[in-house]
Amino acid sequence: GAVVSQHPSWVICKSGTSVKIECRSLDFQATTMFWYRQFPKQSLMLMATSNEGSKATYEQGVEKDKFLINHASLTLSTLTVTSAHPEDSSFYICSAQEFGGGTYEQYFGPGTRLTVT
Amino acid sequence: GIQVEQSPPDLILQEGANSTLRCNFSDSVNNLQWFHQNPWGQLINLFYIPSGTKQNGRLSATTVATERYSLLYISSSQTTDSGVYFCAVEREDSSYKLIFGSGTRLLVRP
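Okay, here's the thing in structure tokens:
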């Protein structure tokens, strides 16, 4: 099955610093990846769509200058949380879309738990 | 935007019991997926099922697109089935974006 990895799995940083999270599709190429945010005991909220070779598109209410997304290759997308603040603490999850046989499932990474102190 | 509602919000089962989880959506969809989020946060793909019925072991799912709902059946539940079950849909006019329901939190007791 399709495998998506994320790194790091957890990170603690100080307020004002930046944190980069990597999302990789390990056994397939993904022209489209997605970034989600999940607060405790809540559902996943889509933050942005990452397209290889073009700018990311952000959902309403998501600050594009704060959450920088780069989709440098068909297997790697990165999310950088700039000037992090405690309210940015959350569980960040990426997904990659695999096309095949007329279907296009999203497969999810294991998530990155960010704590900003 | 499209609304995705899941029921029940919480479910407690004794090991070996069967259950049915429901997902209602308010608009036509291109895609519907069911996921299981384990206690460590990993989402596991269960079914890609925009319509019809599929089965995988003790789990099966049915989507009736014309009536805008999907059902996930869990038979002979095991403690490892515990976690949160999400359905997510992609609207017909959306660019592959998945909208998640609020989830059903399942606890299976030994």
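Residue numbers (the working numbering), protein chains in the order written: chain A, 1 to 117; chain B, 118 to 227.
Each residue gets a CB set at the ideal place from its N, CA and C atoms; glycine is no exception.
Three-state secondary structure (DSSP) at T140(A)?
Any property of residue 140(A) remains undetermined from this structure, which presents chain A solely from 1 to 117.
Exposure of W10(A), with buried meaning 16 or more beta-carbon neighbours within 10 Å:
Within the first sequence, the letter at position 10 stands for residue 10(A). Classification of W10(A): exposed, given that the 10 Å Cβ count is below 16.
Would you mind stating whether R24(A) and L76(A) have Cβ atoms separated by less than 8 Å?
For this step, residue 24(A) is matched to residue 24 along the first sequence. For this step, residue 76(A) is matched to residue 76 along the first sequence. The answer is yes: Cβ separation under 8 Å.
Given 8 Å as the limit, is there contact between the stretch 22 to 36 of chain A and the stretch 90 to 107 of chain A, that is, 3 or more CB pairs closer than that?
yes
Tell me the start and end of each unbroken beta strand (DSSP E) in the stretch 120 to 158 of chain B that is at least 3 residues and wholly inside, in chain order.
121 to 124, 127 to 131, 136 to 142 and 146 to 154
I need the boundaries of the beta strand (DSSP E) containing Y107(A), first residue and last residue.
As a first step, residue 107(A) is located in the first sequence; it is residue number 107 there, counting from the start. It spans T103 to F108 - the beta strand (DSSP E) in which Y107(A) sits, taken as one unbroken run.
Any beta-carbon of chain B closer than 8 Å to the one on L74(A)?
The residue labelled residue 74(A) in the question sits at position 74 within the first sequence. L74(A) does not count as touching chain B.
Can you pull the chain A residues whose beta carbon is under 7 Å from the beta carbon of G218(B), in chain order?
In the second sequence, residue 218(B) corresponds to position 101, counting from 1. Here the neighbours are S43.
For the stretch 40 to 70 of chain A, list the beta strand (DSSP E) runs that are entirely contained and at least 3 residues long, ordered along the chain.
44 to 51
Which class does E87(A) belong to by DSSP, given the choice of helix, strand or coil?
Position 87 of the first sequence, counted from the first residue, corresponds to residue 87(A). Helix at E87(A).
CB contact check: Q106(A) to chain B, cutoff 8 Å
Within the first sequence, numbered from 1, the residue matching residue 106(A) stands at position 106. Closer than 8 Å: yes.
Using a Cβ-Cβ distance cut-off of 8 Å, determine whether G200(B) contacts chain A.
Stepping through the second sequence from its first residue, residue 200(B) is reached at position 83. For G200(B), the answer is no, since every Cβ of chain A falls outside 8 Å of its Cβ.
Helix, strand or coil at E184(B) according to DSSP, with G and I counted as helix:
Locating residue 184(B) in the second sequence gives position 67, where the first residue counts as 1. Reduced to three states, the DSSP call for E184(B) is helix.
Please report whether the beta-carbon of Y165(B) lies at a distance below 8 Å from any beta-carbon of chain A.
Mapped onto the second sequence, residue 165(B) falls at position 48. So yes, Y165(B) belongs to the interface.
With respect to the beta strand (DSSP E) encompassing E22(A), which residues constitute its N-terminal and C-terminal limits?
Counted from its first residue, the first sequence places residue 22(A) at position 22. Looking at the DSSP string, the run of the beta strand (DSSP E) that includes E22(A) is V19 to S25.
Would S83(A) and S5(A) qualify as a contact pair, given that the criterion is a beta-carbon distance under 8 Å?
Looking up residue 83(A) in the first sequence gives position 83. Looking up residue 5(A) in the first sequence gives position 5. No, the pair does not count as a contact, with Cβ atoms beyond the cut-off.
What number of angstroms, rounded off, separates the C-alpha of P86(A) from the C-alpha of S43(A)?
For the purposes of this step, residue 86(A) is identified with residue 86 of the first sequence, where counting begins at 1. For the purposes of this step, residue 43(A) is identified with residue 43 of the first sequence, where counting begins at 1. Approximately 20 Å between the Cα atoms of the pair.
Along chain A, which residues have their Cβ under 9 Å away from the Cβ of S212(B)?
Position 95 of the second sequence, counted from the first residue, corresponds to residue 212(B). T32, T49 and T57, listed in chain order.
Chain B residues whose Cβ lies nearer than 9 Å to that of T103(A):
Counted from its first residue, the first sequence places residue 103(A) at position 103. The answer, in chain order, is N148, Y165 and P167.
Within this structure, are the beta carbons of R208(B) and D144(B) separated by less than 8 Å?
Within the second sequence, the letter at position 91 stands for residue 208(B). Within the second sequence, the letter at position 27 stands for residue 144(B). It is a contact, given that the beta carbons lie within the stated cut-off.
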